[in-house]
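*Asks:* Here you go, one structure.
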Amino acid sequence: MEFSLITSPSESNQTDCLVLGIFEKQKHSPESSDFNLQTQGFIDNIIQRDNFDGTLGNTLTINFIPNNLYQRCVLVGLGNQDQPLSSKNYRKVLASTIKALKSTSSTNATCCLSEATVENQNNLWKVRQVVEVFQGACYQFNDLKSKPECPVKLTHISITAPEDNRSDSEVGLKQGIALANAIEFTKNLADSPGNVCTPSYLAEKALQLSQQNNRFSTRILEEDEMAELGMGALLSVSRGSRQPAKLITLEYRGGSPESKPIVLVGKGLTFDAGGISLKPSSGMDEMKYDMCGGASVLGVFQALSNLSLPINVIGLIPTSENMPDGDANKPGDIVTSMSGLTIEILNTDAEGRLILCDTLTYAQKYNPEVVIDLATLTGACITALGRHPSGLLSNDDALCEDLFSAANTACDPVWRLPLWEEYQDQLKSNFADMANIGGPAGGTITAACFLSRFAENFRWAHLDIAGTAWKSGDQKGATGRPVALLTQYLIDFSNNARN
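The working numbering runs 11 ahead of the 1-based position in the sequence shown.
In structure tokens:
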């Protein structure tokens with residue numbers, strides 16, 4: 012789908028559908044008022060006839076317009092005229108709009124919703140949301156279907172934006188397109204099955220990404236190189252699989268050589284059967300999504316290739332499978348991590364932290380500004396927070412505040428959980444420096460406590476995305492979260508660095 016900016020609907024001569032906002036009590040927005048005058052009161056007659064009252068998110072499609080100005084018009088309810096829309100409600104309006112547009116035969120549409128008033132948001136943000144929401148709603152995974160779903164007919168959206176805020180709107184359009192494409196790329200990777208998206212496949216995608224931008228470089232560490240570095244925890248996980256583990260390293264150098272990089276670490280378990288501590292068969296197919304952290308890091312780098320931010324970013328993706336086999340980890344096994352700390356593996360299904368801990372140790376070589384890891388790490392996070400926010404745990408309050416701010420802007424929420432010293436006791440082992448699980452109580456927190464022991468030398472945050480990276484049920488599929496959050500964090504960091 013393509014997007015462009017116009018100052019007014021009259022500029023577009025390739026549009027067959029016009030999208031207009033209507034407030035409650037059938038009050039017009041400026042754009043719908045103008046169009047009502049052009050059609051000599053036609054819109055008034057229609058909304059009165061159909062009793063369209065402008066309730067938030069309601070839509071009405073009009074398939075005949077006088078004077079052949081457009082083939083059709085979609086009216087969208089904006090709610091109370093006297094109250095600005097919240098960010099969440101604005102996205103709700105956009106979601107209703109694209110749903111209505113998809114049900115028509117329109118190939119081109121002009122959207123006049125970016126001029127709605129949204130609380131604490133500017134034109135840059137509003138234009139960006141139009142692109143993100145519209146393109147996201149049109150995503151389909153058709154790669155492996157013999158009879159693919161019919162593609163969405165919409166091919167082009169013109170977005171109206173006032174001339175006096177044109178520069179902001181242009182930035183919003185650029186960011187929106189970069190983010191929408193990055194999220195789509197992430198979803199496509201995550202939705203791929205485990206027999207397609209293997210560690211080697213993920214590594215190949217990373218190498219392809221590096222060819223898109225001369226500021227990129229990618230290196231793949233193989234198992235023999237990881238063994239030389241002493242990554243005993245990471246390598247223990249892949250022992251039960253025929254697929255060799257990889258450590259994908261991506262570098263984006265947009266800042267000065269002296270600037271410390273932001274390091275993003277993404278868990279890349281391309282399939283997690285649980286190992287010897289085998290998972291229940293019900294729902295095990297969804298364990299192809301255990302690489303969503305790694306897919307999201309690749310998605311962020313996809314966005315970076317189009318945004319050209321003047322910062323340095325490192326991406327580290329430990330990727331492997333966790334399978335049962337005669338050589339797989341056994342409960343009670345003890346492995347030595349790259350840091351030298353020994354780990355008793357009490358549950359082989361708590362493998363994500365094993366591949367992450369060695370990667371966090373490896374991250375120290377980059378002298379990072381901050382390190383943020385993201386992982387579908389614990390089912391306990393879904394129990395604690397549900398599927399709305401991602402879990403956030405950190406050793407740095409200022410970093411948390413920055414991530415909260417980015418989450419609010421990106422409409423990609425997080426919620427902070429404590430990382431208190433008292434929880435560390437649950438990781439005690441009689442036979443090693445620590446155990447890889449801390450019992451049933453506070454599972455998300457104890458998993459982060461485990462990781463924190465490998466992040467003591469830098470500012471660090473952990474995002475548990477087990478509840479937010481994909482949906483189950485009838486809407487099963489990857490969400491692309493938290494690509495929007497992390498990209499916004501990098502945009503904010505870049506803006507602050509400039510100031």
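Just so you know, even glycine gets a beta-carbon here, dropped at the ideal spot from N, CA and C.
Keep in mind it's a predicted model, so treat the numbers as computed, not measured.
Looking only at its own chain, which residues have a Cβ that is under 8 Å from the Cβ of E1, when we skip the five neighbours before and after it?
*Replies:* For residue 1 there is no data in the structure shown, the boundaries of the chain being 12 and 510.
*Asks:* Beta-carbon separation of G304 and D408 under 9 Å?
*Replies:* No, they are not a contact pair.
*Asks:* Just the C-alpha distance for C123 and L29, rounded to the nearest angstrom, thanks.
*Replies:* In a straight line, the C-alpha of C123 is about 8 Å away from that of L29.
*Asks:* Under a three-way DSSP split, which group does D296 fall into?
*Replies:* D296 falls in the helix class under three-state DSSP.
*Asks:* Which runs of the beta strand (DSSP E) spanning at least 3 residues fall entirely within the region 278–344, listed in chain order?
*Replies:* Fully enclosed beta strand (DSSP E) runs of 3 or longer: 279–283 and 323–333.
*Asks:* What does the alpha-carbon distance come out to for the pair S319 and A458?
*Replies:* If you take the alpha carbons of S319 and A458, they lie about 35 Å apart.
*Asks:* With H, G and I counted as helix, E and B as strand and the rest as coil, what does DSSP make of V142?
*Replies:* Helix.
*Asks:* Have a look at V324 and S43 and give me their C-alpha separation to the nearest angstrom.
*Replies:* In a straight line, the C-alpha of V324 is about 45 Å away from that of S43.
*Asks:* So, S316 versus N224, is the Cβ gap smaller than 9 Å?
*Replies:* Against a cut-off of 9 Å, the Cβ pair of N224 and S316 comes out as a contact.
*Asks:* What's the gap between the Cα of L16 and the Cα of L396?
*Replies:* Straight-line Cα distance between these residues: approximately 39 Å.
*Asks:* Please check the pair L430 and L404, which I expect to be a contact at CB under 8 Å, by giving their CB distance rounded to whole angstroms.
*Replies:* With a Cβ gap of about 5 Å, L430 and L404 count as contacting.
*Asks:* In the DSSP output, what is I168 paired with across the bridge?
*Replies:* Answer is F14 and A120.
*Asks:* Provide the residue span of the alpha helix (DSSP H) that contains I58, from first to last.
*Replies:* Looking at the DSSP string, the run of the alpha helix (DSSP H) that includes I58 is F53 to R60.
*Asks:* Can you look up S211 in the DSSP assignment and give me helix, strand or coil?
*Replies:* Helix at S211.
*Asks:* Based on the DSSP output, what are the partners of S405 in its beta bridges?
*Replies:* S405 is bridged to A472.
*Asks:* Please work out which residues of its chain come closer than 7 Å, Cβ to Cβ, to G68, disregarding the five sequence neighbours upstream and downstream, and give them in chain order.
*Replies:* Excluding positions up to five away in sequence, the list reads G88, K103, V104 and S107.
*Asks:* F34 bridges to which residues according to DSSP?
*Replies:* K38.
*Asks:* Just grab the DSSP bridge partners of F227 for me.
*Replies:* In DSSP, F227 forms a bridge with Y263.
*Asks:* I'd like the ranges of any beta strand (DSSP E) spanning at least 3 consecutive residues and lying wholly in the region 424–451.
*Replies:* Taking only runs of at least 3 residues, the beta strand (DSSP E) segments lying wholly in the region 424–451 are 425–427.
*Asks:* Which of the three DSSP states, helix, strand or coil, is assigned to C422?
*Replies:* Three-state result, C422: coil.
*Asks:* Mind checking if A374 is an interface residue toward chain C, Cβ cutoff 9 Å exclusive?
*Replies:* Chain labels in this structure do not include chain C; a single protein chain is all it has.
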